[in-house]
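Asker: Chains as they are written, first to last, in full-length UniProt numbering: chain A, 1 to 341; chain B, 1 to 341; chain C, 1 to 341; chain D, 1 to 341; chain E, 1 to 341; chain F, 1 to 341. Have a look at the structure that comes next, please.
Protein chains: 6
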Amino acid sequence: MAEVLSARGNANGVATSQGLPNIPWQDRPAGSKAVVWRHRENPVIPRAPQPGVQGVYNSAVTPFGDGFAGVFRLEKTDRFPRLHVGWSEDGLDWQLEPEPVVFSNWKDDPSHYAYDPRVTAIDGEYIVQWCGGHNGPTISLARTKDFRTFERLENAFLPFNRNGVLFPRKINGAYYMFSRPSDNGHTPFGDIYLSESPNLIHWGRHRLVMRKGGDHVGQWWQRTKIGAGPVPIETPEGWLMIYHGVIDTCNGFVYSMGAALLDLDEPWRVLYRTNQHVLTPEADYEVSGHVPNVVFPVTALCDQPTGRLAIYYGAADTCTALAYANLSELVEFTKANSAVF
Amino acid sequence: MAEVLSARGNANGVATSQGLPNIPWQDRPAGSKAVVWRHRENPVIPRAPQPGVQGVYNSAVTPFGDGFAGVFRLEKTDRFPRLHVGWSEDGLDWQLEPEPVVFSNWKDDPSHYAYDPRVTAIDGEYIVQWCGGHNGPTISLARTKDFRTFERLENAFLPFNRNGVLFPRKINGAYYMFSRPSDNGHTPFGDIYLSESPNLIHWGRHRLVMRKGGDHVGQWWQRTKIGAGPVPIETPEGWLMIYHGVIDTCNGFVYSMGAALLDLDEPWRVLYRTNQHVLTPEADYEVSGHVPNVVFPVTALCDQPTGRLAIYYGAADTCTALAYANLSELVEFTKANSAVF
Amino acid sequence: MAEVLSARGNANGVATSQGLPNIPWQDRPAGSKAVVWRHRENPVIPRAPQPGVQGVYNSAVTPFGDGFAGVFRLEKTDRFPRLHVGWSEDGLDWQLEPEPVVFSNWKDDPSHYAYDPRVTAIDGEYIVQWCGGHNGPTISLARTKDFRTFERLENAFLPFNRNGVLFPRKINGAYYMFSRPSDNGHTPFGDIYLSESPNLIHWGRHRLVMRKGGDHVGQWWQRTKIGAGPVPIETPEGWLMIYHGVIDTCNGFVYSMGAALLDLDEPWRVLYRTNQHVLTPEADYEVSGHVPNVVFPVTALCDQPTGRLAIYYGAADTCTALAYANLSELVEFTKANSAVF
Amino acid sequence: MAEVLSARGNANGVATSQGLPNIPWQDRPAGSKAVVWRHRENPVIPRAPQPGVQGVYNSAVTPFGDGFAGVFRLEKTDRFPRLHVGWSEDGLDWQLEPEPVVFSNWKDDPSHYAYDPRVTAIDGEYIVQWCGGHNGPTISLARTKDFRTFERLENAFLPFNRNGVLFPRKINGAYYMFSRPSDNGHTPFGDIYLSESPNLIHWGRHRLVMRKGGDHVGQWWQRTKIGAGPVPIETPEGWLMIYHGVIDTCNGFVYSMGAALLDLDEPWRVLYRTNQHVLTPEADYEVSGHVPNVVFPVTALCDQPTGRLAIYYGAADTCTALAYANLSELVEFTKANSAVF
Amino acid sequence: MAEVLSARGNANGVATSQGLPNIPWQDRPAGSKAVVWRHRENPVIPRAPQPGVQGVYNSAVTPFGDGFAGVFRLEKTDRFPRLHVGWSEDGLDWQLEPEPVVFSNWKDDPSHYAYDPRVTAIDGEYIVQWCGGHNGPTISLARTKDFRTFERLENAFLPFNRNGVLFPRKINGAYYMFSRPSDNGHTPFGDIYLSESPNLIHWGRHRLVMRKGGDHVGQWWQRTKIGAGPVPIETPEGWLMIYHGVIDTCNGFVYSMGAALLDLDEPWRVLYRTNQHVLTPEADYEVSGHVPNVVFPVTALCDQPTGRLAIYYGAADTCTALAYANLSELVEFTKANSAVF
Amino acid sequence: MAEVLSARGNANGVATSQGLPNIPWQDRPAGSKAVVWRHRENPVIPRAPQPGVQGVYNSAVTPFGDGFAGVFRLEKTDRFPRLHVGWSEDGLDWQLEPEPVVFSNWKDDPSHYAYDPRVTAIDGEYIVQWCGGHNGPTISLARTKDFRTFERLENAFLPFNRNGVLFPRKINGAYYMFSRPSDNGHTPFGDIYLSESPNLIHWGRHRLVMRKGGDHVGQWWQRTKIGAGPVPIETPEGWLMIYHGVIDTCNGFVYSMGAALLDLDEPWRVLYRTNQHVLTPEADYEVSGHVPNVVFPVTALCDQPTGRLAIYYGAADTCTALAYANLSELVEFTKANSAVF
């Protein structure tokens with residue numbers, strides 16, 4: 001058995017030397033050898049959880065106070081995606097704000113969609129990243145300290161972009177963010193890039209981090225496009241990046257979950273990368289829904305002392321589900337089943 | 001609570017001052033606040049209801065005699081869509097004619113497909129409208145008095161068109177029909193138009209009634225295309241049009257149900273229009289099937305004295321389902337949750 | 001030699017028992033056997049004929065007074081197509097109105113494009129038909145008596161449609177118009193239909209007249225789409241319809257000119273149809289231009305006593321050119337080289 | 001009742017005058033009139049049957065020794081399709097080799113995908129056919145006698161091709177193989193061809209056997225493309241070819257199963273062809289999965305004395321399922337419900 | 001007549017209080033009223049100007065020493081676009097370096113294409129901008145002082161981008177650059193954005209400057225996409241931006257030239273914008289060539305004392321052409337014929 | 001100067017130890033350094049060379065008797081491509097048969113198109129190869145001895161294929177033929193394959209010979225697709241294959257000419273391949289026409305004693321042109337400017 005691996009003081013970016021003892025958790029089912037396993041009571045936020053709400057998914061969760069806060073992609077029955085704050089004591093039972101996030105310094109344009117948020121705790125505050133609609137999709141940013149007041153920052157990139165994910169600390173004095181340059185439709189291609197910023201406003205030194213797979217590397221589960229998922233987790237073995245990989249079948253895209261380890265100081269260097277998915281749509285709530293066959297990881301909480309990982313993911317663009325892993329096992333698995341290309 | 005709203009003497013176009021007491025009906029489930037709710041024993045016509053019949057869906061039902069008659073899209077195992085007559089005493093249990101509709105004045109060409117019928121009772125007879133294949137899809141019409149003998153009329157429009165829906169009475173001496181200009185494939189766009197006719201043969205004074213939604217109006221559930229559904233229902237507040245709205249996801253179209261109120265005398269003027277769907281694919285028989293994620297409303301029966309609405313809709317292009325609403329509630333809901341654009 | 005064939009009293013729809021002696025004309029070049037030949041000084045309206053005017057093409061010309069009037073597709077340097085009236089004494093030298101046509105009964109929307117006009121003289125007035133932009137292209141109509149005051153009529157059809165061409169007289173009491181149902185882009189398909197109207201407002205009894213060609217009939221010059229051209233000319237042999245046929249090559253569409261004869265009383269019946277083009281892009285001004293390889297016939301003037309035909313056509317969507325033919329020769333050619341399919 | 005029809009000594013190509021008494025079998029469910037019916041415990045190989053294996057489907061099974069052997073499309077969690085050998089005593093419970101097939105005479109390129117195998121017993125050995133990746137998909141071949149040592153033969157055809165199926169005996173001294181010329185993507189078209197070979201290396205005398213359906217023949221279930229399925233079965237009535245037909249809906253392809261009878265000596269001549277599918281996605285494991293709505297027949301075992309047919313088919317590109325039929329009934333059904341076009 | 005308008009001391013970014021007396025120049029042809037007119041001996045660099053060179057076009061020229069230097073898109077007979085330096089005394093006769101630009105700090109990858117350069121003189125050096133191939137096209141940058149030694153800077157943006165154009169001076173302490181977010185093909189859409197940088201490395205505060213035209217504004221010449229052209233020229237009336245606008249016809253794109261005036265301090269604000277093109281393909285070398293119908297402006301030299309403008313543009317992606325204008329006339333024209341949208 | 005290189009006794013496949021003294025020829029223009037240069041009186045067969053004939057291009061020419069015979073793609077004014085025989089004494093002035101080729105053993109189907117022929121002299125007869133329409137394009141073959149009687153052979157391949165070119169002698173006892181697997185449209189991809197046959201009926205041992213270029217090899221002129229041109233010419237340095245390479249621009253494909261040397265005994269091995277085109281559209285008749293920008297080489301005649309090469313090529317799919325080269329120079333050029341990938 002792999003021993004418990006100590007993450008360097010971060011639980012989704014929050015320095016928690018004391019760990020995250022209230023992390024949601026269930027042991028691996030008896031008999032299972034899976035490196036990632038599902039929460040038994042999935043989905044944690046079901047389809048149509050409230051009157052007038054069609055779905056809540058692609059959920060960015062972070063420890064906050066004694067419990068958890070989060071920013072959620074919530075779609076009411078207009079199906080227009082907006083960001084809503086949610087609160088939870090245990091990370092499982094969520095109270096969602098009925099009104100979407102507003103920004104103190106920005107006159108809201110109700111026609112600007114916002115989806116697929118991530119939340120990074122850094123420098124004593126929380127930076128929210130999401131895909132915003134500004135003459136095409138691109139990466140929008142905002143800051144908050146309390147999940148009640150939000151301040152809009154500049155969009156990080158020109159259109160067309162999706163899946164922006166900010167690192168939980170500066171590296172050599174600079175901010176780093178993943179993104180996936182896209183087109184203005186349902187993008188049938190895409191690779192993961194890393195960009196650097198001195199100030200969260202200006203971004204440069206763009207680096208191609210990882211390409212999609214394909215025939216030449218025997219990687220069909222990620223042959224169409226890939227995109228960063230949760231805020232990366234710092235480990236002695238490198239930054240653990242959980243990401244999604246997509247295959248196009250004759251009947252649509254299938255989104256699965258994979259993992260990679262990146263160099264701690266030069267995070268554009270891939271050390272290891274799973275040559276297989278670690279979770280793929282198999283449960284009913286993943287296989288069927290408004291967008292069938294989607295497992296889309298967004299958040300990974302970590303309890304250092306135990307190495308417990310709780311991974312929130314959107315299922316079928318319809319509901320929010322939870323999966324578990326052991327940090328050191330996942331790192332070892334990634335190293336042992338790696339193909340870097 | 002909204003009070004019962006009196007429809008102006010029509011039950012799917014039949015003047016029924018005495019109401020439609022045998023309308024299918026189930027009360028809203030306890031605890032539900034939905035404005036539209038499903039029949040508990042859905043689907044009313046299941047997948048493969050008879051040997052050799054693959055599916056019956058998109059069903060045009062009308063009161064007839066002491067019970068109900070209807071024209072159904074029925075696909076045998078050649079999957080070629082044809083119109084079949086059906087009979088029912090209670091609107092739930094249907095006897096379907098084994099042979100498709102033939103026309104007394106038209107030599108049937110077995111290669112001409114016919115799908116998505118509507119039936120309008122007007123001027124003492126029934127006008128059937130459907131999407132017929134004549135060098136491309138367009139709106140075909142026929143008349144019947146007894147659902148046994150049918151006479152083909154001229155096609156209303158040039159190709160390419162779908163979702164023709166005739167009003168249940170003349171307005172200022174003219175017939176009116178909705179339609180949705182289309183292309184010759186799976187049409188990724190489409191708005192609802194209204195056309196006028198003095199004689200059910202020649203059509204003109206075409207008016208654009210409603211456009212699809214999109215980012216600019218925060219309406220994603222209907223951002224790709226829209227199409228008229230049941231025969232509109234006359235109310236003091238205007239013509240109630242139940243329609244379908246479509247969003248394209250990366251894994252296909254999702255069809256939901258919405259509603260609008262149109263001016264009684266100038267029915268090309270939209271007074272109110274739901275800024276959200278009122279029913280979207282959530283049940284298994286809607287989410288899974290040969291065309292997943294389809295809720296396609298075709299008929300709305302109305303019992304005036306009670307305001308009960310029974311809405312027949314195709315589910316996943318696989319089976320026929322039923323939903324209920326209260327007319328005055330639905331009208332109030334449409335007025336209270338409206339965005340006209 | 002074919003003898004002169006007497007057209008039944010119409011010169012582009014004008015009853016002219018006295019003929020059209022001032023029709024533009026040049027004899028067939030010595031040595032040529034072509035059934036249609038070019039005006040030697042083509043183009044008659046060159047590229048950029050005036051400062052601020054980019055091009056004038058697809059021109060609908062008619063005898064008027066002692067000379068000729070016409071409605072032209074004129075594009076200024078915004079390249080937005082609008083209709084402009086033009087005047088000429090000899091049909092060759094044209095004075096174009098600097099401002100586009102306005103309508104007495106219609107508040108002009110400057111964002112509504114208008115292109116590819118035809119003019120039909122009928123019932124003592126002139127009906128202009130064109131492709132107008134109304135939430136997609138469709139056939140617009142207007143009437144004038146003097147080419148100074150124009151009254152907008154209803155659009156004839158729902159979108160999406162192009163190449164509407166009105167017959168020069170009623171047949172059995174009804175108006176008839178060709179059109180080509182299209183899509184909302186550069187339509188890679190299309191056949192010619194005929195529709196009937198009692199009043200120029202309502203249209204019905206739509207009939208498919210002619211399909212495009214293809215491999216199965218050995219007709220590649222018209223394999224992609226076809227569309228009606230000038231107002232049809234009545235002859236004892238039937239209505240002479242000059243039309244365009246299109247082939248798609250790997251480097252774009254090529255538009256050529258063909259001809260057909262339709263039954264006089266049932267003009268949806270094709271009697272003969274050229275199994276080859278009669279004019280195809282070969283001259284520099286046809287082969288090169290903003291839309292290379294376009295010969296697009298719009299008007300055919302006819303002088304009865306001599307059988308002279310003067311055919312105006314757009315060349316490369318850049319300029320206006322002229323070609324000549326002899327009516328009886330063209331009719332004979334169509335009969336002798338026919339494939340109806 | 002149709003009487004038992006004697007197949008001419010072949011059980012998936014194995015001359016078995018003694019029959020195949022251990023063929024998997026379940027009688028038709030009471031009350032059912034279906035000509036093809038499902039195994040009650042489907043799928044026989046479920047989704048994710050082993051740790052690290054995502055799915056096993058499109059399975060080529062053959063009698064071997066006292067039991068059965070087979071070549072399977074197996075996808076591990078890299079989702080890259082490879083061929084794996086499997087063993088079974090009863091045709092239901094399968095032991096799959098953990099490593100993919102290697103070839104004694106061919107240095108394996110791990111980037112060459114291999115999927116949708118068929119196995120034909122002929123001339124005392126087994127010829128495996130599959131869709132291999134060689135600068136595009138085409139038909140690869142190999143031979144084995146024991147399913148332990150495999151020798152690669154030449155690819156039969158140039159790219160792009162799929163669904164190669166070899167006949168179980170020579171006809172007039174020549175080998176025959178079906179195939180479906182394709183494109184390099186998810187091919188939205190396709191017909192079945194037959195090619196001849198003197199030596200399994202060089203192929204020629206290509207014949208178009210069957211075209212896809214469409215409007216003109218009222219066959220929508222097979223309107224998009226068709227492809228051969230199991231090795232054809234010789235009967236006195238002709239070669240029984242079970243095949244798949246595909247319809248494209250607005251939400252993807254639907255694959256169903258049909259049957260045809262071909263001339264025994266000139267197998268490019270179609271004698272009968274079902275004018276309807278005999279199995280279409282209706283069970284959960286067919287309707288939902290990574291590629292929803294797929295029934296893809298690959299193998300048909302036959303026990304001569306009883307006429308029992310056991311048809312293995314891939315379901316939803318996710319698992320392996322089994323269906324049954326009676327040979328003489330299926331032949332009679334094909335003759336009685338036939339449309340050849 | 002408009003009086004000579006004094007540009008604020010820049011000739012393509014070079015502070016030249018003494019003017020640019022050796023600017024290429026020809027007076028407007030007698031009788032012409034064009035605001036932009038062609039060099040009579042166009043093209044200045046013809047098709048295939050040297051053995052082994054297929055074409056030189058899209059040329060970035062700047063005053064240098066007593067004459068001119070430039071960076072050219074040069075394609076040898078491999079047709080692979082690379083940057084070559086050129087020298088000229090008079091701006092008309094060019095000596096081109098036979099080898100492409102290499103970078104002192106960057107190991108050249110011969111597979112990285114480079115095209116459509118611009119050169120901006122700023123802070124005493126020259127910044128070259130071009131479209132480089134780095135897993136898709138994006139904006140690359142380099143610096144030089146002598147056009148002999150070049151240093152690569154970071155790419156400015158993530159893919160996919162084209163038409164990056166750097167301003168000739170800092171504004172309020174920051175660099176500004178136009179660009180046009182694109183896709184990875186022949187991009188059928190595109191608007192002009194402005195981005196800010198403190199250091200030519202990190203870019204942010206992205207602003208949408210100008211959208212493409214379309215029906216709603218009656219601007220077809222620029223309805224498909226637009227892109228910045230030469231380095232903007234500072235005038236008292238604002239920054240003069242010459243740009244290209246594109247229309248898609250059924251036979252391809254047509255590129256024309258337009259102009260806009262932007263606020264001097266907030267250059268993302270459009271003050272005026274020509275509602276028409278000022279140059280469109282009409283000459284043979286613009287209409288015919290490897291990419292027919294392209295006028296693509298890249299450089300605008302300016303002589304302050306006289307207001308003379310010399311505009312270099314690529315013609316038909318085949319050769320380099322030159323056009324002239326008078327600065328104050330062009331500014332006046334832009335103001336007088338403006339539509340901002 | 002390169003010395004004259006002796007071809008091994010073949011002039012387009014005809015063993016001509018005595019050479020081909022009447023080969024068309026013009027010396028390289030003074031001052032030119034081109035390795036391939038144009039015939040000064042091009043095109044040798046102009047656009048519309050006879051009444052009723054639209055164009056003759058893509059012409060397969062061979063020495064015959066005292067002069068030359070050939071098979072031509074000829075399109076009459078139906079623009080349907082058919083094969084016509086032509087005769088010439090000098091290879092410049094051609095008499096074309098008015099009727100297309102018929103086959104003694106094959107009932108002609110007038111709907112089967114035939115284009116882009118090649119003629120190979122082998123074993124005392126002439127084998128014609130062309131792209132025929134048989135439910136999609138593929139390679140058809142016929143044999144003749146006198147160009148008056150033709151016998152159809154089997155099609156070589158399944159659809160979809162184009163540009164089949166047969167070698168002029170057997171190699172190690174087998175026939176060899178190039179082809180380019182395609183799709184059923186204007187194929188935006190394509191590589192050259194080689195197939196082997198014992199009997200001109202069955203084909204196998206398919207080998208990928210050459211891939212198209214692209215960014216990774218800096219070869220844009222051939223980045224989209226490539227296809228074999230004339231019958232390869234045997235030289236001591238290998239088989240000289242002249243071929244076409246295609247780039248897709250935003251306004252269409254551009255076809256250029258390149259060359260390669262293949263191993264004499266294993267002709268699927270590429271020894272050298274020009275890293276640039278040797279002829280690209282530059283002349284008016286190449287740049288403008290019904291398919292602009294096409295240089296499509298089809299035949300290369302060779303006179304051994306002098307090394308003179310006369311290359312017939314189609315220009316703009318409109319006319320037939322001729323170019324010249326010196327065999328040893330072209331071989332040397334290919335070796336000296338080679339990139340094999």
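Note that the Cβ used here is the ideal one computed from N, Cα and C, for glycine as well.
For Y57 (chain F) versus F68 (chain F), is the C-beta distance shorter than 9 Å?
Answerer: Taking 9 Å as the Cβ cut-off, Y57 (chain F) and F68 (chain F) do not qualify as a contacting pair.
Asker: What are the start and end residues of the alpha helix (DSSP H) that includes E329 (chain D)?
Answerer: That run of the alpha helix (DSSP H) goes 327-336.
Asker: For chain C, find out if any of its Cβ atoms is closer than 9 Å to the Cβ of H290 (chain E); answer yes or no.
Answerer: No, H290 (chain E) does not count as interfacial toward chain C.
Asker: At a cut of 8 Å, does the segment 246-260 of chain E reach the segment 159-167 of chain C through at least three beta carbon pairs?
Answerer: Verdict: no, contact absent.
Asker: Using a Cβ cut-off of 7 Å, pull out every chain B residue sitting near H186 (chain A), in sequence order please.
Answerer: Those are C250, listed as they occur along chain B.
Asker: Run through DSSP, which three-state label would H216 (chain E) get?
Answerer: Of the three classes helix, strand and coil, the one that applies to H216 (chain E) here is helix, per DSSP.
Asker: Tell me the rounded alpha-carbon separation between G55 (chain D) and N42 (chain A).
Answerer: Distance between the alpha carbons of G55 (chain D) and N42 (chain A) is about 23 Å.
Asker: Measure the C-alpha to C-alpha separation of C131 (chain D) and E332 (chain B) and round it to an integer number of angstroms.
Answerer: Their backbone Cα atoms lie some 59 Å apart in a straight line.
Asker: When you compare each of F:A174, F:I171, F:N163, F:Y272 to P181 (chain F) by their alpha carbons, which one comes out closest?
Answerer: It is F:N163.
Asker: Mapping the DSSP letters down to three states, classify Y175 (chain C) as helix, strand or coil.
Answerer: Y175 (chain C) falls in the strand class under three-state DSSP.
Asker: Can you pull the DSSP bridge partners for G252 (chain C)?
Answerer: In the DSSP output, where bridge partners are listed per residue, G252 (chain C) has C:T249.
Asker: Can you tell me where the beta strand (DSSP E) holding V298 (chain F) begins and where it ends?
Answerer: First-last of the beta strand (DSSP E) with V298 (chain F): 295-303.
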